[in-house]
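Below you'll find the structure, written out as structure tokens, and then a few comments.
Numbering (this note's numbering), first residue to last: 127 to 175.
Encoded structure:
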């Protein structure tokens with residue numbers, strides 16, 4: 127299965143809003159979506175000085 131970049135964002139939104147579980151995504155999308163969510167979490171949790 128070819129991974130489409132726009133679907134990574136779509137699946138990430140669904141996972142973040144508890145509409146889908148990461149483990150239930152198509153296998154090809156699990157790692158890219160997890161990486162996307164981790165990057166989003168890192169960018170929002172940076173302390174501001």
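All C-beta atoms, glycine included, are put in the ideal place defined by N, C-alpha and C. A quick note: this is a predicted structure, and the numbers were derived from the prediction, not measured.
Rounded to whole angstroms, what is the Cα-Cα separation between residue 170 and residue 151?
24 angstroms
Coarse secondary structure for residue 152, derived from DSSP in three states:
coil
With DSSP as the reference, label residue 157 as helix, strand or coil.
helix
Please report how far the alpha carbon of residue 153 lies from the alpha carbon of residue 146, in whole angstroms.
13 angstroms
To the nearest angstrom, how far is it from the Cα of residue 142 to the Cα of residue 163?
Answer to the nearest angstrom: the Cα atoms are 8 angstroms apart.
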